[in-house]
Amino acid sequence: MSNIHKGYGGFKAKFATMATVVALSGVTAFVPVVAQGASLTQVQIDTFVALLQSFGVDAATIANVKSSLTGGPVVPAPSPAGKCSFTRNLSQGVSGDDVKCLQQYLNSAGHQVSASGAGSPGSETTYFGAKTKAAVGAWQAANGVAPTAGYFGSISRAKYDALMAAGPVVTPPPGPGPVPSGSGLTVSAAADQPAASLAPEKGARVPFTKVVLSASADGDITVNSITVERQGLLDDTAIDGVVVLDEAGVQIGLVKTLNASHRATLTEKITVAKGTSKTVMIAANMATDLDQESGQVGRLAVVAVDAGTASVNGLPVVGNSMTVNSTLAIGSLASPTRGSLDPGAARTALEVGSKNFLASSGKWTAGSAEPIMLTQIRWYQAGSAGTGDLKNVRAVINNVEYPATASSDGRYYVAQLGSSIEVDKGGNIEVAIRVDIEGGSDRTIDFDIQRRTDVVVKGKTYGYYITPDNGSTANTSTQGEAFTSTEPYYDGYSHTISKGSLRVEKSNTVPAGNVPVDVSNTTLGAFTLEAKGEAIQITSFKLSFLLSSGEAGTQLDNVSVYNSTGGVVAGPKDVDATTQTTFTDTWTVPVGAQVYTVKGKLTTDFEDSDTVQVSIDPDADITAKGEVTGLSVTASPTSSTTANTQTVKRASLRVAIGNTPSSQNVVRGVNGFHFATVQYDATDSGEDLRITTQKLGLTPANGGSATDINSCKLFDGTTALTTGSNAVEPDESTANTEDALTFNMDGTGFIIPKGSTKNIDVKCNISNTPLSSETFRIGLTSTNSDTTVAGKDTGVSVTESVTLNTGSTMTIKTGGALSVTLDASSPTSERYGIAGKADVLLGVLKVHATDEAIVLERIALTLSSSTASTSDLTNDNSKMVSLWDGATKVGTAVFQGSETRATSTLSTSVIVPKDGDKVITIKGDLATLGVSLPATRGHLVAVNYDGEAVTTTRGIGQSSGNQINPSTSTDTAGAGVRLVQTYPTLERLSVPSNTLANGEMTLYRFKVTADAADDLGLARVTFRVSSTSVATTSAFKLFAYTDSGFSTNAYAINPVHSRASIDVVGENIWNGNEGTVADSEIVFYFNPVANSNPGASLLTHEALNIPLGASRYFELRGTLSGVTTGDSITVALLGDASFASNTNLVNRQTADAVDTATHDDFIWSPNTTSTSATTTNDWLNGFQVPGLPSIEMSQQNFTK
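Residue 1199 is where the sequence shown ends in numbering that gives the first Met the number 0, and the numbering goes up by one at each step.
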């Protein structure tokens, strides 16, 4: 809640005539003092202000008098004795004469606020900005005031008083004079003056006069005030106040009322840069009741401009006259109330770092006269927080954020909203303000709307700005009163930014683990210290240690506290006999969560399995204060916080051979073969370990000798640990005799962190000399298993624990093997393939390599269908089949002429891993169907691996270099694709309801989609209907639509079947020929042009055409009667279990021929050469149609 202009109202004031002598600049003025409980009108206040101005009283004194007359606070003026009178905390964002006095003192004390301009010697201001903050910080640093935060609070005031008591500050020579200002200002009327019009009741910002201010070219000009005079036959009471607006429509300064001389002086400073112009609008806020003044005509003229020493030319400037109107019903913004986004209560501990805090919110309802448009909102920040404390301030309207710009004094935040926010008649609008809290510990945030006209609203019909309605209650100086009838217009809650806080928690960055003895900087534990509100300065920090029974605190030496970057902030100090140590170092915890680590040295008096825990009691063991506020901070929690337990362990190591790699075959000639993995286990060690040498045993058998193996190395992952001369060359040539392999590590060896394990791989080259079935093992043998290991920090030698294991058996092979089979992912049943389509999936092969990796060079293929020929592949000479490794095309195959065998020579390297698989996909380019084209409709195109051509498929062994042919001689039997022009895809859809009811209802829905290749024809569909007696007396119809909403007819007639209705279950007659049908089936034939109900022998049947890529949505309806509880119906669309003919679809049948076959429930045509009539040989049944099962689609169940 703001305090400015409290008590501003419409009632008369009684005042005493006590004379207060104000001595300034040799002038004595008699200032009236307001009697207790009374207040003055604005006219009376302006009269007193004019009187003071006539005596030449300075602006700061006048401001204090005005504040006093209106019930506001008075900022103390500087003491005439040269000492400032500081009675409040000063920080960035505050204003007042005490700030100016502070700046003068800083400039005189050698801590200059600014070298030139505002804040420089002789040009001190009343605003505490960033430069003042910096100067205060420098003064604090020079005079030993901590923290040096630039915040002039109680500590700084005490230091200032002490310095002033010690003696006056020597005043330095005067600084540079003020920057020269321009010599002349021209005031002129803008060419686009507001036209003469109405000034309606409750109108706000009604434009009267548009003025151009032009500065001379020799310097900037500051306009101190603009005096406006009401002229014409118009009462002053018609105008509530006068405002000046900048080019963007933002109000400059405060609203002013007309005085007894019919004038208002607008005193907000306006700077006009040299040689430029600024345009401002003089506007009026009209009274809420203009019944008495209606019809009066008047204008507002600019009659005086105070531009300092600059001459002013062009006055007066008079705009057009406006006619007062009380009958035009312009819009309104009524029913002001607290918004739903308002916090609803004052926050007493708002944390620094809080994001998106909704500080205040108001809500209104648009009136019934016209729609309105919200164009601008201006919030007043009445709290003590400065602009540096608040970031990312924005207005929130309809969940959209609009940035709000702070005024020069940091008090007003204006959000320009443009023309996008419209509210219809009777609609609601809520405006909130959202901020991020960056600083300001112990300061307040209080967002108010100072005046009604700070909510800038414009009517859409008449175009006038509107003054929102008042609140219903008077302001009583209670915070958070929401909308009032006085000022502030909206009184928001005052929220307090909390002073600094500090919380201590255990950090798991140092987990429970093992620690060594006699090692400096051993990590003993860690804590998270979280500072909120402000940085926290710690001056005392006591740690306690919980030790195993019998151990003393004096066994802990050189304990220090480290920050997250590794710097020491406290210590080192030894622990005393009480197992405690207190650090008196001064260090700062930044805002946020920081991890601090405790390190020290355990003496050799500790024994293995002893435990050490470091703890702290935050509220008792930490002395801290806020770095900004200087206020004492008690850390939390109130109970002790203990870090993770550390267990004393001297360095130890276990060594073993891992289970991988397992025993296996290996083809000779391979390099870098993985023989063994050495496992180093330091999980029980209290210290990191350094390995410098490792001895292993190489054991050959079955006639092998160690010299068949060479260039043995150790690897940590992909990093070699024994390179160059440290690679080991086995030298025992006696067959079946173990050889010692001693590995000396590169450099200083490798490290195994305490509490961890590390796997080190042993890799060697195998020469081409060993014979098949010779074996080799590398491991930890009884004679060769030594490890040279020591503590990383102590250097103390460690005796390792060894688990003997001679290693896995690696059996030599002279070459690998290759096999080809059908992969499980290959399609297991025939599918339809679209003619003319490339890269159609034909099958998937699995190639397996045994004993060594094999580079696959060629694969033999066969065109395996009994009906297909090479003509069914592409119509050019390539007859293209391609092979793929995943998404990579690796080769092609060509079936020449009428050949059914082809060889694919791979163009891209395909490596089949040792004892692993490689999946190869076969794809084909299908030929186009058409008149005089050689491809045959209905042919089954199947391409498989040709097992009989065993020497054609081949690869090269990567280890042996041998050419390898497959061991399998059997063709794969992958399913192929049927060559068609197009095909349908079906999908069952849900029905609106599954509850039976009398009358017509939907019983089934399904979708038929034609492939994008071509149109298709549909001649018959069949449903199975199983029911109680209700179904046998029902009539059925089938409808077709183009949309999933079943609303747009797909054909000229709907329903689409050839008879008007199907009222017999089990009827199946086509052109007089009776087909096969079960008693529970309902058959539909189609005539999309017309349907009738003649004798069966006269029915005309035509196919439904479904365009390429399009879908048709079918709906089966039944008319039911006599439905009773317990009745049920199940309905399903039927499929076909095999093809209608046994000639592999090469010679397809007419539709009626298919209809008389055993499997005839779904009849369709791929329209091979054109749209097929039902009498052409181009019809198929539902077998293998995607989405249509061989028996039936899933059924719909209906019950009553």
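Cβ atoms here follow ideal geometry from the backbone N, Cα and C, with glycine treated the same way.
Contact between PHE1161 and THR1021 is confirmed by a C-beta separation of about 7 Å, below the 8 Å threshold. Annotation for CYS100: the continuous alpha helix (DSSP H) segment containing it runs 96-107. The C-beta separation of SER383 from ARG442 comes to about 4 Å, placing the pair in contact by the 8 Å criterion.
In summary, VAL1184 is buried, with 16 or more beta-carbon neighbours lying within 10 Å of its beta-carbon over all protein chains present. Counting only runs of 3 or more residues that sit fully inside the segment 660-730, the beta strand (DSSP E) segments are 663-666, 672-680, 688-700 and 708-715, in chain order. In the three-state DSSP reduction, ILE436 falls in the strand class (E or B). The shortest CA-to-CA distance from ALA473 to any of TYR464, THR768, THR466 and SER484 is the one to SER484. In this structure, the alpha-carbon of ASN142 lies about 8 Å from that of LYS158.
For GLY136, no beta strand (DSSP E) encloses it; the enclosing alpha helix (DSSP H) starts and ends at 129-141.
The beta carbon of SER661 is closer than 7 Å to those of SER807 in its chain, skipping five residues each way along the sequence. Separation of LEU212 and GLN536 (C-alpha to C-alpha, rounded to the nearest whole angstrom) is 53 Å.
Using a Cβ distance threshold of 8 Å, VAL254 and ARG450 count as a contacting pair. With a 10 Å radius around the Cβ and a threshold of 16 neighbouring Cβ atoms, ALA996 comes out exposed. For PRO617, no beta strand (DSSP E) run applies; the uninterrupted alpha helix (DSSP H) run containing it begins and ends at 617-620, by DSSP.
PRO983 is bridged by DSSP to ALA1009. Unbroken beta strand (DSSP E) runs of no fewer than 3 residues, entirely contained in the segment 448-495, are found at 454-458 and 493-495, following chain order.
For ILE1128, the closest C-alpha among the options SER1079, ALA941 and GLY252 is that of SER1079.
Secondary structure note for GLN593: its beta strand (DSSP E) is the uninterrupted segment 591-601. DSSP places HIS847 in the uninterrupted beta strand (DSSP E) bounded by 839-849. Relative to THR508, the option among ALA525, VAL516, SER497 and ILE496 whose CA is nearest is ALA525. Ranked by how close their Cα comes to the Cα of VAL677, the residues ASP687, PHE714 and GLU686 have PHE714 in first place. By the C-beta density criterion, THR827 is exposed, having fewer than 16 other C-beta atoms within 10 angstroms.
At a Cβ-Cβ threshold of 8 Å, TYR1112 and PHE1182 do not count as neighbours.
The C-beta of LYS354 has fewer than 16 other C-beta atoms within 10 Å across all chains shown, which makes the residue exposed.
The Cβ atoms of ASP447 and ASP490 sit closer than 8 Å to each other. With fewer than 16 neighbouring CB atoms inside 10 Å of its own CB, ALA247 falls in the exposed class. Excluding the 5 residues flanking it on each side, ASN391 has same chain C-beta neighbours closer than 6 Å at ASP435, in chain order.
A direct Cα-Cα distance of roughly 22 Å separates THR622 from GLN612. Apart from sequence neighbours up to five positions away, the residues of its chain that approach ASP680 with a beta-carbon distance below 8 Å are LEU652, ARG653, VAL654, ALA655 and THR756, ordered along the chain. Of the other Cβ atoms in all chains shown, 16 or more fall within 10 Å of the Cβ of ILE281; this residue is therefore buried. Taking C-beta separations shorter than 6 Å and ignoring five residues to either side along the sequence, the partners of VAL93 in its chain run PHE127, following chain order.
Distance from the CA of TRP363 to the CA of ILE371, rounded to the nearest whole angstrom, comes to 12 Å. Note on geometry: alpha-carbon atoms of ALA188 and ALA306 lie some 17 Å from one another. A straight-line Cα-Cα distance of about 5 Å links GLY95 and THR125.
Its chain contains THR147 and SER155 as the residues whose beta carbon lies nearer than 7 Å to that of GLN139, once the 5 sequence neighbours on both sides are disregarded; these appear in chain order.
In this structure LYS712 is not in contact with ASN783, their Cβ atoms being roughly 17 Å apart against a cut-off of 8 Å.
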